[in-house]
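Reading through the structure tokens given below for one structure.
There are 2 protein chains.
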Amino acid sequence: MTKMTPQVRCQGRSNCFACGLRHEMVCSDVSLDDLIDFHAGIEDFDYEHGSAIYHMGAPMEAVYCVRGGAVKMVRYDPAGEQRIVRVLKTGDVAGIESAFAEKFEHTAIAVGRVRACRIPISYFRKFVSDHGGLQMRLLRKSQEALREAETWLSQLMGGTTPARTRMARLFLRLRAVEGGDKIHRFSLEDIAAIIGITPETASRVISDFVRQGILVKGGNSYATRFFRGDIPALEKIAQEV
Amino acid sequence: MTKMTPQVRCQGRSNCFACGLRHEMVCSDVSLDDLIDFHAGIEDFDYEHGSAIYHMGAPMEAVYCVRGGAVKMVRYDPAGEQRIVRVLKTGDVAGIESAFAEKFEHTAIAVGRVRACRIPISYFRKFVSDHGGLQMRLLRKSQEALREAETWLSQLMGGTTPARTRMARLFLRLRAVEGGDKIHRFSLEDIAAIIGITPETASRVISDFVRQGILVKGGNSYATRFFRGDIPALEKIAQEV
DNA sequence: CGTGTACTTGAGTGGGCTCAAGCAGGGTGG
DNA sequence: CCACCCTGCTTGAGCCCACTCAAGTACACG
Numbered sequence: 001m002t003k004m005t006p007q008v009r010c011q012g013r014s015n016c017f018a019c020g021l022r023h024e025m026v027c028s029d030v031s032l033d034d035l036i037d038f039h040a041g042i043e044d045f046d047y048e049h050g051s052a053i054y055h056m057g058a059p060m061e062a063v064y065c066v067r068g069g070a071v072k073m074v075r076y077d078p079a080g081e082q083r084i085v086r087v088l089k090t091g092d093v094a095g096i097e098s099a100f101a102e103k104f105e106h107t108a109i110a111v112g113r114v115r116a117c118r119i120p121i122s123y124f125r126k127f128v129s130d131h132g133g134l135q136m137r138l139l140r141k142s143q144e145a146l147r148e149a150e151t152w153l154s155q156l157m158g159g160t161t162p163a164r165t166r167m168a169r170l171f172l173r174l175r176a177v178e179g180g181d182k183i184h185r186f187s188l189e190d191i192a193a194i195i196g197i198t199p200e201t202a203s204r205v206i207s208d209f210v211r212q213g214i215l216v217k218g219g220n221s222y223a224t225r226f227f228r229g230d231i232p233a234l235e236k237i238a239q240e241v
Numbered sequence: 001m002t003k004m005t006p007q008v009r010c011q012g013r014s015n016c017f018a019c020g021l022r023h024e025m026v027c028s029d030v031s032l033d034d035l036i037d038f039h040a041g042i043e044d045f046d047y048e049h050g051s052a053i054y055h056m057g058a059p060m061e062a063v064y065c066v067r068g069g070a071v072k073m074v075r076y077d078p079a080g081e082q083r084i085v086r087v088l089k090t091g092d093v094a095g096i097e098s099a100f101a102e103k104f105e106h107t108a109i110a111v112g113r114v115r116a117c118r119i120p121i122s123y124f125r126k127f128v129s130d131h132g133g134l135q136m137r138l139l140r141k142s143q144e145a146l147r148e149a150e151t152w153l154s155q156l157m158g159g160t161t162p163a164r165t166r167m168a169r170l171f172l173r174l175r176a177v178e179g180g181d182k183i184h185r186f187s188l189e190d191i192a193a194i195i196g197i198t199p200e201t202a203s204r205v206i207s208d209f210v211r212q213g214i215l216v217k218g219g220n221s222y223a224t225r226f227f228r229g230d231i232p233a234l235e236k237i238a239q240e241v
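Protein chains in written order, with this note's numbering: chain C, 1 to 241; chain U, 1 to 241.
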């Protein structure tokens, strides 16, 4: 079978070489041919706002590389309440936490419009076991995720820290691109599920930020909406008692 | 060089083969001789209550296998407040999160009397890179830790869930041995730093549990004290709104 | 046996929750 | 293209849990 360029394999719709996974996979001992083979089974999908990419407890059958938008990773506490434990952004890979488990550990839901590449788990596992150096890279990636989760724990949670401060910290973490001022605009319900408050309180704080000009609403549909944030002001609030 | 039995290498003070790491390392493709070599650099330490095993930001020079007692993993939020992000118990390994980083990610502090084996990081890294199958096992271990951290997030945190409920959930997780009724007894300050409340509130809830006979205080020094818990009662409270 | 730290307990306050009503604006169907 | 509708957001009033401040107690350790 004739090899095509990876771009074509990806149906010309995207450049797989811009993918976060590719960053992990090239280097080490992966040849270009291997990479092209790997890309053979990959498909490119659009997810509209609110649709699930996969569900907690469902059989683990693929990982997904997020190419645009934001994805919330949801868990449920013993009382059945929804809790958002992490947020993925462009370049992150959804599902690697569960890569060697039977079922997905979370439900992954699109926030706004999302594009993602679906990589069947059989391809993924085979590729990883064929290339020893990759395991090391995955290990690093997994440890990054752990660090991120712990950062959420220590910065976003905690009854002692006022909701206002934690919200500022959250918005700083929800920036679409590191260092930019564009902020993923989640629903009040989502924000509540992240930092552990009620939607009403979230609304009051945001209204306050908007009145002070610290946040400016943008976008004209749930799929594309966002905030512009006054980053220095948010950073100041984030450090308050 | 003559090989000695691992027990002797460990100065006869402990059986390295009961270690949580060993569980990861044996199986796969590690020979007994390799294991004995590996154990050559290991030392066995006692830590008294409150002493630090290592500090956040310090150069990463070893991992520690916890052989007895409990260890709190501490971080600091932007306001300088102490937050406990995870608790290690017998069989867990402290420092693997940072195994491929320059510095430690947390401060690790003994709660009660702790025994731990110190494994120099150079040994550890060499051993891992020599044995391909180990990376896979470490990856799994790392993903376990991630799951644990996210469980804390979703179960112990959250302003909506009453402190009483979260405390019950915490005590269930702090059992010394899975399924037992012996519970690691942390200071009020520590408990406060874990679930994000004040020590006063923690005191009130515990006093209440003790009055109801759900918890019974045991041990006669900070180094050895513990609770006995009425597990069914705690489980019932843990599921309340 | 003394000293200090950790814990207990109380009274008062306040931030965030609850319940409830009104509003806006995006999506849908006529 | 317009009007409706429904979801998500806003805003208010009152209450309650957990925080704060403060004092007193117990007990671990030297």
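For glycine and all other residues, C-beta sits at the position ideal for the given N, C-alpha and C.
Own chain, CB closer than 8 Å to residue i, minus 5 neighbours either side, in chain order
i	result
residue 203 of chain C	188
residue 103 of chain C	56, 57, 58, 59, 60
residue 176 of chain C	70, 89, 90, 182, 183, 184, 226
residue 210 of chain C	216, 217
residue 142 of chain C	96, 97
residue 224 of chain U	112, 113
residue 212 of chain C	233
Contacts that residue i makes with chain C (C-beta to C-beta distance below 8 Å)
i	result
residue 107 of chain U	Chain C residues near residue 107 of chain U: none, gap ~12 Å exceeds 8 Å.
residue 77 of chain U	154, 155, 158, 161
residue 60 of chain U	Going along chain C, no residue has its Cβ under 8 Å from residue 60 of chain U, so there is no contact; the nearest lies around 12 Å.
residue 132 of chain U	132, 135
residue 197 of chain U	159, 160
N- and C-terminal bounds of the alpha helix (DSSP H) containing residue i
i	result
residue 53 of chain C	Counting along the chain, residue 53 of chain C falls outside any alpha helix (DSSP H), though it belongs to the beta strand (DSSP E) covering 52–54.
residue 205 of chain C	199–211
residue 195 of chain C	188–195
Contacts around residue i, its chain only, beta-carbon distance under 6 Å, and the 5 residues preceding and following it disregarded
i	result
residue 12 of chain C	Below a pLDDT of 50, predicted positions are generally treated as unreliable, and residue 12 of chain C, at 39, falls in that range; no measurement from the model is reported.
residue 167 of chain C	205
residue 55 of chain U	107
residue 85 of chain U	73, 75
residue 14 of chain U	Confidence is the limiting factor: at residue 14 of chain U the pLDDT is only 49, short of 50, which leaves the residue's position unreliable and the question unanswerable from this model.
residue 77 of chain C	83
residue 164 of chain C	205
residue 41 of chain U	120, 123
Own chain, CB closer than 7 Å to residue i, minus 5 neighbours either side, in chain order
i	result
residue 198 of chain U	192
residue 241 of chain U	none
residue 50 of chain U	109, 110
residue 235 of chain C	172
residue 196 of chain C	157
residue 128 of chain U	134, 135, 138
residue 169 of chain C	155, 156, 238
residue 124 of chain C	63, 99
residue 151 of chain U	none
residue 149 of chain C	85, 86
First and last residue of the uninterrupted beta strand (DSSP E) at residue i
i	result
residue 235 of chain C	Segment 231–238 is the alpha helix (DSSP H) holding residue 235 of chain C; no beta strand (DSSP E) there.
residue 214 of chain C	Here residue 214 of chain C belongs to no beta strand (DSSP E), and DSSP marks it neither H nor E.
residue 43 of chain U	43–47
residue 73 of chain U	62–76
Cross-chain neighbours of residue i in chain C, by beta carbon under 7 Å
i	result
residue 259 of chain U	The structure shown does not extend to residue 259 of chain U, since chain U is modelled only from 1 to 241, so the question has no answer here.
residue 142 of chain U	139, 142, 143, 146
residue 136 of chain U	135
Contact list for residue i against chain C, beta-carbon separation under 9 Å
i	result
residue 100 of chain U	136, 139, 140, 143
Residues that residue i contacts on chain U, provided the C-beta gap is smaller than 8 Å
i	result
residue 97 of chain C	143, 146, 147
Three or more beta-carbon pairs under 8 Å between the region 173–183 of chain C and the region 223–231 of chain C, yes or no?
-> yes
Whole alpha helix (DSSP H) runs in the region 88–174 of chain C with 4 or more residues, listed along the chain?
-> 121–130, 132–156, 163–173
The region 96–106 of chain U / the region 149–163 of chain U touching (three or more Cβ pairs under 8 Å) | no
Any 3 or more C-beta pairs closer than 8 Å across the region 136–150 of chain U and the region 53–69 of chain C | no
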